[in-house]
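Asks:
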Amino acid sequence: MTGALSDVKILDLTQVLAGPFATTILSDFGADIIKIEPPGGDYSWKLLNSRPIQIQKLSAWCRRRNRRSVTLNLTDDKGKAIFLKMVEEADVVVQNFRQPVMDKLGLGYDVLKKANPRIIYCALSGYGQTGPYKERMAYDPTVQAISGIMSINGYADKPPVRVGMQLADYGGAVYAVIGILIALHYRNISGIGQMIDASMFDAMCHWSIGEVGGFLMSGGKRLGNKHPWAVPMDSYVTKDNKYVVFGVQTDAQWRKFSKLTNREDLAAWTFNDRLKNRSTIEPMAEEWVHSKTLDEAQELLEDADLPYAKVMDILELPEDPQVLIRELIWEVDDPDCGKLPGVYGTVPKLLGTPGSIRGIPPVPGQHNEEILCGMLGYTKDDLDSFKSQGVI
Amino acid sequence: MDSVLSDIRVLDLTRVLSGPFAVTMLSDMGADVIKIDPPSGGSLKKFGGLPAEFKRIMNWRTERGRRSITIDLTKEKGKNLFLRLVEKSDVVVQNFSVGVMDKLGIGYCELRKANPSIIYCSISGFGETGPLREKRAYDPAIQAYSGLNSMTGFPNQPPVRVGIQLADYVGATYAVIGILAALRYRDISGKGQMIDCSMYDAMVAWTGGEILTSKLTGAERQGNTHPFGAPAELFETKDGKYFMYGVLTDAQWEEFLTMIGKEQLIQEKWNLGKRLMNKAELNRWAAEWAKTRTLDEAIAACDKHKLVNAPIVTAAELASAPQAVARECFIEIDDEIGKLNVSGPTPPKLSLTPSRIKGCPPKHGQHNDEIYSGLLGCSHNDIAILREEGVV
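As given, the protein sequences belong to chains D and H, one line each in that order.
Taking the working numbering, I'd label the letters of the first sequence as residues 156 to 547.
Taking the working numbering, I'd label the letters of the second sequence as residues 29 to 420.
(1) For my contact list, H/Pro186 and D/Tyr398 are in at a C-beta cut-off of 8 Å; report their separation, rounded to the angstrom.
(2) Since I believe H/Gly175 is in contact with H/Thr235 (beta carbons under 8 Å), could you give me their beta-carbon distance rounded to a whole number of angstroms?
(3) Just the C-alpha distance for H/Met129 and D/Ser199, rounded to the nearest angstrom, thanks.
(4) Since H/Gly251 meets chain D, which of its residues come closer than 7 Å, beta carbon to beta carbon?
(5) Who are H/Gln122's beta bridge partners in DSSP?
(6) According to DSSP, is D/Val248 part of a helix, a strand, or is it coil?
(7) Alpha helix (DSSP H) containing H/Val128: first to last residue?
(8) Label D/Lys138 either buried or exposed according to how many other C-beta atoms from any shown protein chain fall within 10 Å of its C-beta, with 16 as the threshold for buried.
(9) Could you give the distance in angstroms between the alpha-carbon of D/Asp460 and the alpha-carbon of D/Thr425?
(10) By how many angstroms is the C-alpha of H/Leu113 removed from the C-alpha of D/Ile335?
(11) Which runs of the beta strand (DSSP E) at least 3 residues long sit entirely within the segment 388–416 of chain D? Give them in chain order.
(12) Mind checking if H/Gly218 is an interface residue toward chain C, Cβ cutoff 8 Å exclusive?
(13) Can you tell me where the alpha helix (DSSP H) with H/Cys330 in it begins and where it stops?
(14) Counting only beta-carbon atoms, is D/His145 nearer than 8 Å to chain H?
(15) Inspect the beta-carbon positions of H/Arg249 and H/Thr342 and report whether they are closer than 8 Å.
(16) Using DSSP with H/G/I as helix, E/B as strand and the rest coil, what is D/Asn380?
(17) Does D/Met257 have its Cβ less than 8 Å from a Cβ in chain H?
(18) Between D/Arg241 and chain H, is any beta-carbon pair separated by less than 8 Å?
(19) Leaving out five residues before and five after D/Cys360 in sequence, what residues of the same chain have Cβ atoms less than 6 Å from its Cβ?
(20) Among the candidates H/Ile207, H/Met227, H/Asn184 and H/Thr286, whose CA atom is the shortest distance from the CA of H/Gly251?
(21) Which residues bound the alpha helix (DSSP H) around H/Ser46?
(22) Using a Cβ-Cβ cutoff of 7 Å, what residues of the segment 138–157 of chain H are near chain D? List them in chain order.
(23) Can you give me the Cβ contacts of H/Pro339 inside the same chain, cut-off strictly under 8 Å, excluding the 5 residues immediately before and after it?
(24) Do the segment 215–230 of chain D and the segment 172–181 of chain D make contact, defined as three or more Cβ pairs closer than 8 Å?
(25) Give a yes or no on whether 8 Å exceeds the smallest Cβ distance from H/Pro259 to chain D.
(26) Which stretch, first to last residue, makes up the alpha helix (DSSP H) that contains D/Ala353?
(27) In angstroms with no decimal places, state the Cα-to-Cα distance between D/Asp357 and H/Ala195.
(28) What residue range does the beta strand (DSSP E) around D/Lys494 cover?
(29) Around the Cβ of H/Asn123, are there at least 16 other Cβ atoms within 10 angstroms (buried) or fewer (exposed)?
(30) Using a beta-carbon distance below 8 Å, is H/Met29 in contact with chain D?
(31) On a CA-only basis, which of H/Ala315, H/Ser371, H/Asp363 and H/Asp278 is nearest H/Pro390? Give me that one, please.
(32) Buried or exposed: H/Ser68, going by 16 or more other Cβ atoms within 10 Å of its Cβ?
(33) Does H/Glu283 have its Cβ less than 8 Å from a Cβ in chain D?
(34) For the beta strand (DSSP E) that contains D/Ser280, what are its first and last residues?
(35) Under 8 Å, do D/Asp167 and D/Arg222 count as touching if we go by C-beta distance?
(36) Which partner residues of H/Ile97 appear in the DSSP bridge assignment?
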């Protein structure tokens with residue numbers, strides 16, 4: 156079955172996390188991706204060399220899949236020339252080097268545009284191409300810190316705590332993908348490419364900004380698992396020492412909760428009443444949950460039609476029935492490792508042109524001949540001399 | 029300056045946050061969005077007690093740049109009006125509970141009959157399939173289910189949710205990706221399709237990626253430490269502010285030693301393994317140093333020594349943070365009530381076709397006449413009758 160993006164050819168200069176995560180989304184939906192990495196492999200490839208094989212493979216299946224790999228030394232003039240020939244044939248170039256690496260290499264947007272006016276050039280960086288931080292080293296926790304997200308995370312009596320996953324990397328990646336798709340759409344109409352300045356910082360701010368209101372409502376305090384205006388709401392401990400999250404946001408839900416806890420005398424409490432009486436209501440919820448096992452609590456909350464969830468442990472996730480049915484985490488068949496679990500699937504579900512994982516992730520330079528000879532017309536002799544000169 | 033999606037018409041049936049946030053991104057990119065609400069009122073009605081300013085800020089994120097019409101979709105005439113609009117539109121987005129659209133008789137099968145190239149995006153909490161499909165969508169529950177809580181917080185403290193409505197935002201961005209990819213496919217093939225976008229899928233796309241990290245470092249909550257950083261933590265400065273900095277690479281280690289006056293250790297060449305083994309001691313050194321500097325001094329010194337670093341910026345400080353100002357993350361709007369800081373045009377930055385806020389949030393049903401007569405050719409009489417019958 157064709158992918159939604161099968162007609163799009165992308166040159167992928169990305170490495171580590173944010174960039175490859177973005178290009179993987181595009182490749183899952185069918186884009187023809189050519190990964191361009193230094194001879195010997197990119198930063199992640201080299202870094203993981205000393206790690207157990209399962210880890211190397213898991214990283215490859217997540218971050219190098221659905222693409223071909225060419226090695227190219229972009230600091231070498233011949234390497235640059237080969238790259239520009241590829242740009243002529245491509246639709247998109249994606250990179251997430253620290254700024255201004257590409258410009259310093261003489262391969263900035265103005266140069267690429269001359270080689271191919273239709274090229275769409277996406278620069279994904281920590282803070283963006285502009286602003287006082289544009290040349291700062293970015294690192295997921297620092298972007299979380301500086302975008303306001305950390306300050307509202309955690310408990311009031313403890314320091315702010317970062318989100319326990321590489322949120323800024325993933326956020327930056329999805330906005331880069333959005334930018335690329337938008338630019339492709341525009342190029343369809345106008346025939347012209349453009350540059351996309353995508354940043355992890357912009358992505359985080361786009362989300363944290365909306366929380367200013369809630370934060371100010373809470374008196375500027377971190378609330379842990381509580382909520383600025385939904386009462387009760389928390390992560391509660393059950394009789395069998397598990398955590399369950401639930402909350403009441405509307406009057407209708409409050410009536411159900413008061414019935415559940417045999418306090419129908421309070422059923423008429425409004426939004427403002429609940430906010431004022433948080434110190435009465437939260438202990439009610441705590442006591443109620445504490446008197447039930449996790450299974451009992453979930454069943455009763457389900458029957459009462461209140462929103463709830465158990466707090467899932469990350470390592471339980473791959474076995475969860477919802478994950479399995481939605482095919483969110485795959486077990487792949489790796490030629491070296493055998494069955495390898497924990498590879499993330501494709502999101503979202505396009506029912507007409509679903510995303511897919513196709514073929515085994517390449518080793519660096521696996522497709523040098525196919526692309527340099529097959530696509531660009533170099534000979535095998537050319538390849539040999541490039542190799543000896545350290546160009547590829 | 030062209031608006032890139034100005035050739036795309038979106039019918040917006042969404043409510044509350046995840047759906048409207050996605051549609052706002054499309055509107056900022058130029059799409060012609062028609063928001064459809066019941067004659068009785070908009071989606072925030074059930075959250076009656078929220079403060080006016082909070083609702084205003086929300087509105088400027090979730091209702092801006094659209095035209096607003098009313099339709100009672102439970103009435104036959106209302107359904108017909110809707111289907112006539114579908115014939116003239118490109119995308120339909122909804123985030124009702126799973127099954128609602130089908131029950132109303134306007135599920136994907138019906139819409140496809142009216143317009144075979146319609147792109148129909150359904151945003152839900154857990155997806156259209158799986159054992160959790162009928163669970164109420166509720167951001168904290170989705171976060172909990174995705175495994176994120178279990179990875180966030182301090183090692184000996186309970187799991188804590190992310191203090192923003194993360195699942196809503198992440199679900200929304202993946203919906204936009206799905207819609208744009210489907211539009212591209214439609215441009216080539218002429219075919220529409222359905223997108224089953226689940227907030228849970230989107231979250232697991234990211235937490236799933238952390239399984240790799242968990243396997244490398246153990247699944248404990250890490251607080252503000254970093255699996256490959258030593259030192260790396262959140263510290264307090266002389267002026268009582270939170271400041272994060274750390275050392276990830278050998279080069280940064282030498283700079284760090286120079287900065288804190290322990291140059292004599294450089295020659296011992298502590299590698300990553302040795303630094304991690306001595307993490308607690310290194311964090312103590314780093315904490316002591318931070319206590320001797322004000323926040324500004326600490327940032328300047330770390331920047332000079334090229335160490336990754338960031339202050340904790342609070343949500344309230346964000347609007348005036350220099351990088352946020354430079355990146356236009358906020359804009360100040362001026363409507364009939366007064367000035368207000370609201371979230372800026374959607375990222376990322378496209379050089380030729382930047383996103384922009386198309387207009388203020390409309391009043392409920394403000395564009396009934398304009399759309400019913402202008403787009404569907406209804407006469408004033410027709411519209412009056414529809415009003416009387418409660419259809420619009």
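We treat Cβ as the ideally placed atom computed from N, Cα and C, and that holds for glycine.
Replies: Quick look at the numbers:
(1) Rounded to whole angstroms, the Cβ separation of H/Pro186 and D/Tyr398 is 6 Å, and the two are in contact under 8 Å.
(2) About 4 Å; that satisfies the 8 Å criterion.
(3) Distance between the alpha carbons of H/Met129 and D/Ser199: 45 Å.
(4) Under the 7 Å cutoff, chain D gives Val316.
(5) H/Gln122 is bridged to H/Ser150.
(6) If DSSP states are grouped into helix, strand and coil, D/Val248 belongs with the strands.
(7) Val128 to Lys131 is the extent of the alpha helix (DSSP H) around H/Val128.
(8) In the structure as shown, chain D begins at 156 and stops at 547. Residue 138 of chain D is therefore absent and cannot be evaluated.
(9) Per the coordinates, the alpha-carbon of D/Asp460 lies some 19 Å from the alpha-carbon of D/Thr425.
(10) C-alpha separation (whole angstroms): 29 Å.
(11) Taken in chain order, the whole beta strand (DSSP E) runs of length 3 or more contained in the segment 388–416 of chain D are 388–392 and 398–402.
(12) The structure shown has no chain C; the protein chains it does contain are D and H.
(13) It spans Leu323 to Lys332 - the alpha helix (DSSP H) in which H/Cys330 sits, taken as one unbroken run.
(14) An answer regarding residue 145 of chain D cannot be provided, because it is not within the stretch 156 to 547 covered by chain D.
(15) No, they are not a contact pair.
(16) Note: D/Asn380 maps to coil in three-state DSSP.
(17) So, not an interface residue.
(18) Reading off the sequence shown, one finds Met at residue 241 of chain D, where the question assumed Arg. Not flagged as an interface residue toward chain H: D/Met241, since no C-beta distance is shorter than 8 Å.
(19) Excluding sequence neighbours, D/Cys360 sits near Ser302.
(20) Taking the Cα of H/Gly251 as reference, the smallest distance to any Cα among H/Ile207, H/Met227, H/Asn184 and H/Thr286 is reached at H/Asn184.
(21) Its alpha helix (DSSP H) spans residues Ser46 to Asp56.
(22) The residues in question are Phe154, Gly155 and Thr157.
(23) Hits under 8 Å: Lys269, Tyr270, Phe271, Met272, Leu323 and Ile327.
(24) Under the 8 Å Cβ criterion, the segment 215–230 of chain D counts as touching the segment 172–181 of chain D, having at least three qualifying pairs.
(25) No, because no Cβ of chain D sits closer than 8 Å to the Cβ of H/Pro259.
(26) The continuous stretches of alpha helix (DSSP H) do not include D/Ala353, which lies in the beta strand (DSSP E) extending over residues Met350 to Ser354.
(27) Between D/Asp357 and H/Ala195, the C-alpha separation is close to 18 Å.
(28) D/Lys494: member of the beta strand (DSSP E) spanning Gly493 to Tyr499, first to last residue.
(29) Answer is buried; the Cβ neighbour count reaches 16.
(30) Note that H/Met29 scores 46 on pLDDT, short of 50, meaning its location in the model is unreliable and no value can be drawn from it.
(31) The shortest Cα separation from H/Pro390 among H/Ala315, H/Ser371, H/Asp363 and H/Asp278 belongs to H/Asp363.
(32) Exposed, by the Cβ-count rule.
(33) No, H/Glu283 does not count as interfacial toward chain D.
(34) Segment Ile275 to Ser280, the beta strand (DSSP E) holding D/Ser280.
(35) Cβ atoms of D/Asp167 and D/Arg222: closer than 8 Å.
(36) According to DSSP, which records beta bridges pairwise, H/Ile97 is partnered with H/Ile64.
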